[in-house]
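Here the sequence shown is numbered in the numbering used here, starting from 471 and rising by one per residue.
Every residue gets a Cβ at the ideal spot worked out from N, C-alpha and C, and that includes glycine.
Keep in mind the model is a prediction, meaning the values are calculated, not measured.
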Amino acid sequence: MNTEMKSKLRKGAVKTGVINAIINIVIQYFLLRGKATIPISVDSITNTTETVLGTAVMLAITLSVILTFIAYFSIKEKKMSFFPNTVLLALKNGFVTFGILTSLAVLWQKYMGTVAVSLVVGIIIIGVIAGLVSGFVNYLTLKESIISEEKK
Numbered sequence: 471m472n473t474e475m476k477s478k479l480r481k482g483a484v485k486t487g488v489i490n491a492i493i494n495i496v497i498q499y500f501l502l503r504g505k506a507t508i509p510i511s512v513d514s515i516t517n518t519t520e521t522v523l524g525t526a527v528m529l530a531i532t533l534s535v536i537l538t539f540i541a542y543f544s545i546k547e548k549k550m551s552f553f554p555n556t557v558l559l560a561l562k563n564g565f566v567t568f569g570i571l572t573s574l575a576v577l578w579q580k581y582m583g584t585v586a587v588s589l590v591v592g593i594i595i596i597g598v599i600a601g602l603v604s605g606f607v608n609y610l611t612l613k614e615s616i617i618s619e620e621k622k
């Protein structure tokens, strides 16, 4: 894949990330608007309390799988097969996202403890995570799915 194509993919990924961050900030505001504060994480394996990172983990997994499929179907060039390649890529993206965010949540809880933040700060954190996940998933899906001259 040439540098021009990689640059185009990076710009598209940034655009996707920003759009998804904004959309998810608005959605999370309406879902969580009754709360004055929200904890970033809590010290519990079963999370019965609404938390920033608990919400972000589920949102990120869902986004990574859905956006893998959306990115695949947006490709106009020659691309890899949907089944099993793209389905496996969606699963991989979901598992990687889960692993990274769960690990970060555990590390946050271990070193920072339970910290409550305002609703605005909480939804901004969720939005930033959604934006980063969206951008990376978009870039990696398109990069892996487009069959370039070197792959043929």
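Do residue j and residue i count as a contact pair if the criterion is CB distance below 9 Å?
{"i": "residue 606", "j": "residue 487", "result": "yes"}
{"i": "residue 522", "j": "residue 508", "result": "yes"}
{"i": "residue 582", "j": "residue 511", "result": "yes"}
{"i": "residue 529", "j": "residue 613", "result": "no"}
{"i": "residue 506", "j": "residue 573", "result": "no"}
{"i": "residue 600", "j": "residue 472", "result": "no"}
{"i": "residue 608", "j": "residue 541", "result": "yes"}
{"i": "residue 617", "j": "residue 546", "result": "no"}
{"i": "residue 592", "j": "residue 492", "result": "no"}
{"i": "residue 524", "j": "residue 575", "result": "yes"}
{"i": "residue 604", "j": "residue 533", "result": "yes"}
What does DSSP give as the partner residues of residue i in its beta bridges?
{"i": "residue 509", "result": "586"}
{"i": "residue 570", "result": "Bridge partners of residue 570: none, in fact."}
{"i": "residue 613", "result": "Answer is none; residue 613 lacks a bridge partner."}
{"i": "residue 549", "result": "616"}
Taking residue i as part of the alpha helix (DSSP H), name the residues at either end of that continuous run.
{"i": "residue 480", "result": "473–502"}
{"i": "residue 528", "result": "522–543"}
Determine the burial state of residue i: buried for a count of at least 16 other Cβ atoms within 10 Å of its Cβ, exposed for fewer.
{"i": "residue 590", "result": "exposed"}
{"i": "residue 551", "result": "exposed"}
{"i": "residue 504", "result": "exposed"}
{"i": "residue 610", "result": "buried"}
{"i": "residue 577", "result": "exposed"}
{"i": "residue 615", "result": "buried"}
{"i": "residue 556", "result": "buried"}
Does the segment 549–561 come close enough to the segment 476–490 that 3 or more CB-CB pairs lie under 8 Å? no
Would you call the segment 494–511 and the segment 537–552 in contact, with 3 or more CB pairs under 8 Å? no
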